[in-house]
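Participant: Please find one structure pasted underneath; my questions will follow.
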Amino acid sequence: RHIASGFGFLGDTAGFSISEGLVPYTSRSSYAVAFAAGIANTLRAALPAIVFATLIGLVLGIGQISRHPLVRLITRGIVDLIRNIPLLVQLLVWYVAMLELLPRAADALNLGNILL
């Protein structure tokens, strides 16, 4: 069948571009460098999200065991609301909300190398 196996392809030229990242990469870099750039970009997005989600969960969890009835009621309501809405519906709502609330890319605030 002429199917190559192994990791020899990692030294081959990737031939595609990656828009930005922590690892220096060009289209003439190898697949191994592209893989490293992909891992770095994934960690760059995932680690702050994990920290943020953990903090939100911690605050909501502590709120549910609070002695203050209003705090307990609000946090219980938030958790129950999020648990009872399907994830796909939540993703769609957040996507539409971001499209409506955030400015267009053409209207981004330019602060040197940082676009807001």
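Note that the numbering used here has the sequence shown beginning at 281, numbered continuously upward.
The beta carbon of each residue, even a glycine, is placed where N, CA and C say it ideally should be.
Bear in mind the structure is a predicted one, so any value in this text is a computation, not a measurement.
Between Thr306, Gly286, Leu361 and Ile319, which lies nearest to alanine 294 when the distance is taken from Cα to Cα?
Facilitator: For the purposes of this step, residue 294 is identified with residue 14 of the sequence shown, where counting begins at 1. Checked all of Thr306, Gly286, Leu361 and Ile319; the closest Cα to alanine 294 is Thr306.
Participant: Mapping the DSSP letters down to three states, classify asparagine 390 as helix, strand or coil.
Facilitator: Numbered from its first residue, the sequence shown carries residue 390 at position 110. Residue state, collapsed to three classes: strand.
Participant: Considering only the beta carbon of each residue, do alanine 325 and leucine 290 sit closer than 8 Å?
Facilitator: Position 45 of the sequence shown, counted from the start, is the residue given in the question as residue 325. Position 10 of the sequence shown, counted from the start, is the residue given in the question as residue 290. Against a cut-off of 8 Å, the Cβ pair of leucine 290 and alanine 325 comes out as no contact.
Participant: How is threonine 306 classed by DSSP in three states: helix, strand or coil?
Facilitator: If you number the sequence shown from 1, residue 306 lands on position 26. Threonine 306 falls in the coil class under three-state DSSP.
Participant: Taking the alpha-carbon positions, what's the leucine 302 to leucine 353 distance?
Facilitator: For the purposes of this step, residue 302 is taken as the residue at position 22 of the sequence shown. For the purposes of this step, residue 353 is taken as the residue at position 73 of the sequence shown. Between leucine 302 and leucine 353, the C-alpha separation is close to 43 Å.
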